[in-house]
Amino acid sequence: MDDSQKKHNISLYVENKPGVTIRIALVFARRGYNLESFVGSPAQDPRYSRINIEATGDSKTLHLMLEQLNRLVDVIHAREYTDEDVIQKELALIKVRCDNESRTEILQISSAFKCRNVDISDTTMTFQVTGRSTKIDAVRKMLDKFGVLEVVRTGKVLIARGEEETSW
Amino acid sequence: MNKKQCTAAAKLIEILKNQGVECIFGLPGGSAIPIFDALAQSDMKLVLTRHEQGATHMADGYARSSGKVGVALVTSGPGATNTLTGIMTAMMDSVPLVVLCGQQLTTNLGLDTFQEADVSGMSYPIVKHSFLVKDPEELPSIINQAFHIAGTGRPGPVIVDLPKDVTSAYIDEDTSGEFSLPGYSIRKEGDPKAIKEAADMISSAEKPILLIGHGAVISGASREVKAIVEKMQIPVCNTLLGKGCFPESHDLNLGMPGMHGTAYANMALCESDLIISVGSRWDDRIAGSPSDFLPQAKKIHIDIDPVEINKTVKVDCAIIGDAKSVLDSLYGYLEKGNTQRWVKLIRRLKREYPLKYKKEGKLRAQHVIEEMSRLTKGEAIVTTDVGQHQMWAAQFFKTEHSRHFLSSGGAGTMGFGFPAAIGAQLANPGKTVVAVVGDGGFQMTLPELSTAVNEKLPIKILLINNNYLGMVRQWQHMFYDNRLSGVDLVGNPDFIKLASAYGCKGFRVKRSADVRKVLNAALEYNDGPCIIDAEVEKYDNVFPMVPSGAGLDKMLLSMPRKKLEKPKGGT
Ligand SMILES: Cc1ncc(C[n+]2csc(CCOP(=O)(O)OP(=O)(O)O)c2C)c(N)n1
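Quick note, the sequences are listed as chains X and P, same order.
Quick note on this note's numbering: the first sequence kicks off at 1 and runs consecutively.
Quick note on this note's numbering: the second sequence kicks off at 1 and runs consecutively.
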């Protein structure tokens, strides 16, 4: 694959301080690196936050940016997890157009993917899907022909397996 | 329990004193009044500047010349935005500054209230770190953090935004100033394995060369550099900001390489088989086009900042650590090689391609600068502005000690030189301070003449007056068919009259024959600043020159006959 189109998963452990998000985002923006998703939430210890970033671009630039992220005073650690065996999940809400005719087929597809039906109306159904991002892409693709009205995704989060601590 | 209380502003001044701050450069305004009020009740020295940009450059010159953290104090909104150029300048050159900015009341933030500006938001990309103090109790800890971050590791500027209600609030006098910074660590010592590897590379190199940068100056590595040079007989070149770390009068010193470097430094680099960079970041003024920078030479890179490793130039061996400590350990591993033939070649290059300029005809900037260098014998602290005179100063002012040549390198900020000299003179009252400035850049911060006069600082302002924005005129001459655009400084003031309006002494020199006499008179005048208005040849160009973006082998020693292509580099 073209290295400039490579998707990278980055996990950061940061001090929970104002401005930390902007400082991180600026590292990417300055090199014109596009962020696909950016998820942040308080860590186990509330003085810190965990941030998961998915970004597209070449590996050399990413390497430089990781060093620049680690240089930030409020960043305890920034690490790439792209090709590693870690647990990765994402959640999506997908709203699809449906009528009496298509309803059964849509429900079949959704149950095959273990989606949860979270809302239903005369003309629409909304599903919650969790799993790897590729799975969400697949569900979405299957539902496309019925008319996908909206997709809201959380962005990818990841955690290390077993005793290993994430991003440390 | 009734603890003794004080305002957070008073506590701030107390902490500054504990941090060893001797003077603050600044200019007040509404949101900073509580801090200035606390200053008035302390014995801290305040240097009132005429513009906030001046305050930051003064703090910068103070810091570069002394190694201490420089402090500027300004008000919110426009006061703070006026510091941004100075902050960026310090950031690019790794200079430790703490910039204290007054700010609107915390309850007014984000509401476009009078003189409220999002100073943090505007400055993120140009600071090492920044703080907004919202709780007065946190102020002592934050100020200590600011100094720690600014002054350690790779130094840099730190902004502290101080809302007026925070600085006015009362806090316990013994409020703790402790802090922990779990995300901030500094690697001082290099990895022994990498050091050993570097030592082997150096010991076996036939044509090694040292490239000394600002990092070596900052870490105080003069002795260690010298020890290695003398043991190994390795020639040395220094970047603009590395000048003085290794004496430029030394037989093995080649001066500055790069765009306007000496011919022999550039030729030596092109011939070398190993370049050892100590605290230099392969800036594009030296590397030209970093992706194909001298492929024949292996490269060792010693730097405290991991970001710099392989950032532009790919290196063969990297050591992350403080230059002084790394060189100290490196020394122990080095085995004397044989560089005799190499040193002979270096001596020959120095002999055959000396820096030169026309001595006949109109007065030359190089002549004035070279004479000033001779008269001050390497003992003066020299600051420069940005432009042709800066490059001539780099070429002709021979620097013998670290922290004696202060110039805006990374940013190339016009207006830097004169205020930086004010800071340097305040930090070094016993030293001769010379500010080499151009007639363009000097006018960007010249109101600070009041500041220098008030403080009775005997700065020698050596004004290289060519009536042009000379460096830009040179580019237009060389690469744009001499279509001069926006470079003629018509309407320049009479600088001697201007000096006298400020109560400042003025000297004028127009003829080569008068240079020594006038400079001597200026050096003997110590009652305050003086301007030496040197009216020099208007159309002189700086040579050697490597067009930007080109390799060092494309160096021009003089103006070529044939038309030149536009340079490929950015600036
Ligand atoms: C603040 C700022 N504006 C513009 C420039 C672009 N610039 C670089 S050198 C130069 C000319 C400087 O002229 P002068 O101060 O007269 O010095 P000279 O080159 O003539 O020695 C200019 C305009 C700059 N470096 N900094």
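No residue lacks a Cβ here, since even glycine has one placed at the ideal position from N, Cα and C.
This one's a predicted model, so the numbers in the text were calculated from it and none came from an experiment.
Short CB-CB distance (under 8 Å) between residue i and chain X
i: Tyr124/P; result: yes
i: Tyr353/P; result: no
i: Ser76/P; result: no
i: Leu132/P; result: yes
i: Lys299/P; result: no
i: Lys311/P; result: yes
i: Ser120/P; result: yes
i: Ile149/P; result: yes
i: Tyr357/P; result: no
i: His214/P; result: no
i: Val98/P; result: no
i: Gly183/P; result: yes
i: Val307/P; result: yes
Residue i: first and last residue of the uninterrupted beta strand (DSSP E) it sits in
i: Val453/P; result: Segment 449-454 is the alpha helix (DSSP H) holding Val453/P; no beta strand (DSSP E) there.
i: Ser204/P; result: Unbroken run through Ser204/P is the alpha helix (DSSP H), 192-204; no beta strand (DSSP E).
i: Leu16/P; result: First-last for Leu16/P: 8-18, but that is the alpha helix (DSSP H), not the beta strand (DSSP E).
i: Gln103/P; result: 97-103
i: Ala78/X; result: 75-80
i: Gln425/P; result: No beta strand (DSSP E) contains Gln425/P, which is instead part of the alpha helix (DSSP H) from 417-427.
i: Val236/P; result: 236-238
i: Arg116/X; result: 116-120
Test: residue i CB closer than 8 Å to a CB of chain P
i: Glu80/X; result: no
i: Glu15/X; result: yes
i: Ile22/X; result: yes
i: Pro18/X; result: yes
i: Arg153/X; result: no
i: Leu12/X; result: no
i: Leu26/X; result: yes
i: Arg30/X; result: yes
Buried or exposed (CB count within 10 angstroms, at least 16 for buried), residue i
i: Lys95/X; result: buried
i: Val118/X; result: exposed
i: Leu446/P; result: buried
i: Ala29/X; result: exposed
i: Ala112/X; result: exposed
i: Ile532/P; result: buried
i: Ala40/P; result: exposed
i: Met559/P; result: exposed
i: Ile87/X; result: exposed
i: Ala513/P; result: exposed
i: Val518/P; result: buried
i: Val368/P; result: buried
i: Thr107/P; result: exposed
i: Lys299/P; result: buried
Candidates the options: closest to residue i by CA position
i: Val315/P; options: Glu335/P, Ser291/P, Leu16/P, Phe543/P; result: Ser291/P
i: Arg483/P; options: Arg473/P, Asn492/P, Lys164/P; result: Arg473/P
i: Thr399/P; options: Gly26/P, Leu241/P, Val229/P, Pro136/P; result: Leu241/P
i: Gly110/P; options: Pro163/P, Ser249/P, Pro96/P; result: Pro163/P
i: Gly19/X; options: Cys23/P, Ala90/P, Ser120/P, Ile300/P; result: Ser120/P
i: Thr130/X; options: Lys156/X, Val148/X, Val39/X; result: Lys156/X
i: Lys431/P; options: Glu448/P, Val382/P, Gly412/P, Glu455/P; result: Val382/P
i: Ile24/X; options: Asn52/X, Ile109/X, Asp99/X, Ser4/X; result: Asn52/X
i: Gln476/P; options: Val229/P, Tyr539/P, Glu448/P; result: Tyr539/P
i: Asp481/P; options: Tyr124/P, Lys563/P, Leu463/P; result: Lys563/P
i: Leu489/P; options: Ala550/P, Gln443/P, Lys3/P, Tyr502/P; result: Gln443/P
Boundaries (first-last residue) of the alpha helix (DSSP H) holding residue i
i: Gln108/X; result: 100-112
i: Gln53/P; result: 52-66
i: Ile24/P; result: Premise fails: Ile24/P lies in the beta strand (DSSP E), 23-27, not in any alpha helix (DSSP H).
i: Gln5/X; result: Element bounds for Gln5/X: n/a, residue is neither H nor E.
i: Ala40/P; result: 33-40
i: Leu84/P; result: 84-92
Notebook entry, point to check: What runs of the beta strand (DSSP E), each 3 residues or longer, lie entirely inside the stretch 308-341 of chain P?
Noted result: 317-320
Next item on the list: Note down, in chain order, all residues in the stretch 63-95 of chain X with a beta-carbon under 9 Å from any beta-carbon belonging to chain A.
Entry: Judged by its chain identifiers, the structure shown contains no chain A, and its protein chains are X and P.
Notebook entry, point to check: Taking the runs of the beta strand (DSSP E) that are 3 residues or longer, which of them lie wholly in the stretch 135-201 of chain P?
Noted result: 157-163, 170-172
Next item on the list: Only counting runs of 4 or more residues, tell me where the alpha helix (DSSP H) segments fall wholly within the stretch 243-294 of chain P, in order along the chain.
Entry: 263-271, 284-287
Checklist line | Inside the stretch 337-420 of chain P only - beta strand (DSSP E) runs reaching at least 3 residues | finding: 381-384
Note to self: Please give me, in chain order, every unbroken run of the alpha helix (DSSP H) with length at least 4 that falls completely inside the stretch 505-538 of chain P.
What the structure shows: 515-524
Check: What residue ranges within the stretch 437-501 of chain P form continuous alpha helix (DSSP H) runs of no fewer than 4 residues, ordered along the chain?
Finding: 439-445, 449-454, 470-479, 495-501
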